[in-house]
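Numbering (our numbering), first residue to last: 38 to 165.
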């Protein structure tokens with residue numbers, strides 16, 4: 038199952054969702070703008086992304102420029118800031134199993150789709 042952290046107002050996020058639908062696999066859509074991610078959920082997601090909280094921040098967002106640009110925060114402080122301000126979270130994020138990717142540009146989703154297609158081919162070949 039694919040999991041997409043989705044903002045329906047974002048063109049890139051909508052494009053990635055359409056690409057995922059073409060796989061004919063189940064998709065869980067998480068509207069993180071409506072239901073904020075908890076700090077624990079963000080920590081787990083960051084581990085699967087293999088990035089720091091600051092790397093997940095949308096630095097072109099007006100809120101970032103007005104409130105946070107030029108200031109220094111610890112990773113835990115950034116996790117708290119992101120959990121309280123979901124529009125600062127880079128999007129879309131697609132997760133499959135224990136791997137996640139920020140799909141910006143949208144074509145990056147193909148890394149997850151390709152890997153999973155290859156795994157399916159290998160697994161079906163082993164059964165034959």
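Each residue gets a CB set at the ideal place from its N, CA and C atoms; glycine is no exception.
Check                                                                                           : Outcome
CB contact flag (residue 131, residue 82, <8 Å)                                                 : no
Bounding residues of the alpha helix (DSSP H) (the contiguous stretch that carries residue 116) : 112-121
Cβ pair count under 8 Å reaching 3, the region 79-93 against the region 127-145                 : yes
Where residue 76 sits in the DSSP three-state scheme                                            : helix
Three-state secondary structure (DSSP) of residue 150                                           : helix
Cβ pair residue 101, residue 79 closer than 8 Å                                                 : no
Limits of the unbroken alpha helix (DSSP H) element including residue 55                        : 48-58
Proximity below 8 Å, CB of residue 120 to CB of residue 48                                      : no
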